[in-house]
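Structure first, commentary second.
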Amino acid sequence: MNEYSRKMNRVYLIALIVAYVIGMAAFAFLKLLGLKELNEVNADAQESLLPLSVSMGVITALGIALLELKVFSKWKNYSIVQFVICKYALIVLLIITGCVLVYVCFQLFVEKLALMTALHTIPDFLETELFLSILLYLLLFSILLNMFITVYEYLGAQAIVGALLGRYDKPAEEDLTFLFIDLRSSTTIAERMGHIQYSRFIENSFQILTDSIYKYNATIYQFVGDEAVLLWPSKGARKTLAPVHFYFDFQERLQHNKPHFLNEFGETPRFKAAIHSGFVTVTEIRTIKKDIVYHGDVLNTCARIMGQCSSLNKDVLISSVVAGWLQDSDRYRADLTAELSLKGKIEPTAIYELTPAFFNLD
Numbered sequence: 001m002n003e004y005s006r007k008m009n010r011v012y013l014i015a016l017i018v019a020y021v022i023g024m025a026a027f028a029f030l031k032l033l034g035l036k037e038l039n040e041v042n043a044d045a046q047e048s049l050l051p052l053s054v055s056m057g058v059i060t061a062l063g064i065a066l067l068e069l070k071v072f073s074k075w076k077n078y079s080i081v082q083f084v085i086c087k088y089a090l091i092v093l094l095i096i097t098g099c100v101l102v103y104v105c106f107q108l109f110v111e112k113l114a115l116m117t118a119l120h121t122i123p124d125f126l127e128t129e130l131f132l133s134i135l136l137y138l139l140l141f142s143i144l145l146n147m148f149i150t151v152y153e154y155l156g157a158q159a160i161v162g163a164l165l166g167r168y169d170k171p172a173e174e175d176l177t178f179l180f181i182d183l184r185s186s187t188t189i190a191e192r193m194g195h196i197q198y199s200r201f202i203e204n205s206f207q208i209l210t211d212s213i214y215k216y217n218a219t220i221y222q223f224v225g226d227e228a229v230l231l232w233p234s235k236g237a238r239k240t241l242a243p244v245h246f247y248f249d250f251q252e253r254l255q256h257n258k259p260h261f262l263n264e265f266g267e268t269p270r271f272k273a274a275i276h277s278g279f280v281t282v283t284e285i286r287t288i289k290k291d292i293v294y295h296g297d298v299l300n301t302c303a304r305i306m307g308q309c310s311s312l313n314k315d316v317l318i319s320s321v322v323a324g325w326l327q328d329s330d331r332y333r334a335d336l337t338a339e340l341s342l343k344g345k346i347e348p349t350a351i352y353e354l355t356p357a358f359f360n361l362d
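Below, the structure written as structure tokens:
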């Protein structure tokens, strides 16, 4: 498990606990208070409703997180129907177990019943409207929460927030920095490995890329085959040099994982990259699904610059704009490599090679 996965698992667990605690608290106030069973219990029992609901939320969240991380992730060979049936059967079993556990605690510590007496009342509890309400509510809540998480994973926070706020209903202009990164010799590697092995090779590479994405707070614009397009707000990128740090951090991680790649695939991935910055137009495309897209010369130029990596035999090339950020840097240097008439450009474009300052080019 990589650094990003461990971090996201912690975030996922916290988010689940918060979501289920809030969900159960809302259920307690909006639904359970109107049930006949609760109107008939004593004041102490009603005062225990909120902490019991919170406990139920925590138990459910911890159980589902454990199932997601340790069980569901291993069911990759299941058909979609088998997966859904087995998944929600386990979730229902988890909810029932949680309800029974909380109910027994309620009988022991609030109603002051003996353990055996409390256990004997479980069948009666499972027939109550209260239990059925909790079961159906938590099952529906789990389905809706799972749908939201799936949408979040596919679209990302930026697209969801932008869509909810209507941020990109009309085209807007933003100053952004883009990094295009692409696998070298991809066709040759794919032919040698075959499609399945090559897909695993790319997946492993992008898992390592994800650690650097998390570390330097990059936004993923898109993955296209063996190419990734990342972006940062230019104001922050100019100040922190995050795109530059990102590239070399990724290279270090690949080098660190070289034994793994050689052992698994007989090949170590090498990536070429380009960085460019400037104003682009951002808009929301609404077709079968909504998507955030970026238009402008900055993206075209960045793609053209990366296209020169192979012909110039360079690993990473940057534009004059990004090269200007490095004038006062003691960690990196930008050396003018060429002034080329790139396809689609009228004026020659200055291209710089990016290297660590201590790297000797001679």
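Take 1 as the starting number for the sequence shown in the UniProt record's numbering and just add one per residue. Heads up, the beta-carbon is just placed ideally off N, CA and C, and yes, glycines get one too. Just so we're clear, the structure is a prediction, and the values are computed from it rather than from any experiment.
Counting C-beta pairs closer than 8 Å gives three or more between the region 239-258 and the region 175-191, which meets the contact rule. When Cβ pairs closer than 8 Å are counted between the two stretches, the region 143-150 is seen not to touch the region 224-239, the count staying below three. For Tyr88, the secondary structure class from DSSP, reduced to helix, strand or coil, is helix. Here Arg331 carries a coil assignment [DSSP, helix/strand/coil]. The beta-bridge partner set that DSSP reports for Tyr352 consists of Ile318, Leu336. Per DSSP, the continuous alpha helix (DSSP H) segment holding Val244 begins and ends at 242-256. Per DSSP, the beta bridge partners of Lys272 are Asp182.
A straight-line Cα-Cα distance of about 10 Å links Ile122 and Gln107.
The beta carbon of Leu139 sits closer than 8 Å to those of Tyr88, Ile91, Val92, Ile95, all from its chain and outside the five residues before and after it, given in chain order. If you ignore the 5 residues before and after Gly57, its C-beta comes within less than 6 Å of the C-beta of Tyr20, Val21, Met24, all in its own chain and listed in chain order.
Val18 and Arg270 have their C-alpha atoms roughly 41 Å apart.
In the same chain as Ser310, and ignoring 5 residues on each side of it, the C-beta atoms closer than 8 Å to its own belong to Arg184, Lys272, in chain order. By the CB criterion at 8 Å, Ala334 and Ile318 fall inside the cutoff.
Secondary structure of Arg286 (DSSP, three-state): strand. Within the same chain, Ile208 come within 7 Å of Asn257 by CB-CB distance, once the 5 residues on both sides are set aside.
Judged by DSSP secondary structure, Glu203 falls within the alpha helix (DSSP H) whose first and last residues are 195-215. Distances from the CA of Asp315 to each of Arg304, Ala274, Val293, Leu66 were compared; the closest alpha carbon is that of Ala274. Of the candidates Ala242, Thr268, Ile160, Thr268 places its Cα closest to the Cα of Phe206. Within the same chain, Trp75 come within 7 Å of Phe83 by CB-CB distance, once the 5 residues on both sides are set aside. In the three-state scheme derived from DSSP, where H, G and I count as helix and E and B as strand, Pro233 is classed as strand. DSSP lists Thr177 as the bridge partner or partners of Ser277. Straight through space, the alpha carbons of Thr117 and Gly63 are spaced by roughly 27 Å. Put simply, of Leu115, Pro348, His276, Gln251 the residue whose alpha carbon is nearest the alpha carbon of Pro356 is Gln251.
The region 94-122 contains, as complete alpha helix (DSSP H) runs of 4+ residues, the segments 115-120 (chain order). Here DSSP, grouped into helix, strand and coil, assigns Ala190 to helix. In the three-state scheme derived from DSSP, where H, G and I count as helix and E and B as strand, Ile134 is classed as helix.
Out of Arg10, Arg304, Tyr198, the CA that lies nearest to the CA of Ser341 is found in Arg304. Excluding sequence positions up to five before and after Leu165, its CB lies less than 8 Å from no other CB in the same chain. Exclusion of the five residues before and after Asp291 leaves Ile285 as the residues of its chain whose Cβ lies within less than 6 Å of its Cβ. According to the DSSP assignment, Thr60 belongs to the alpha helix (DSSP H) that extends over 49-70. Taken atom to atom, the span from the alpha-carbon of Arg10 to that of Leu66 is near 12 Å.
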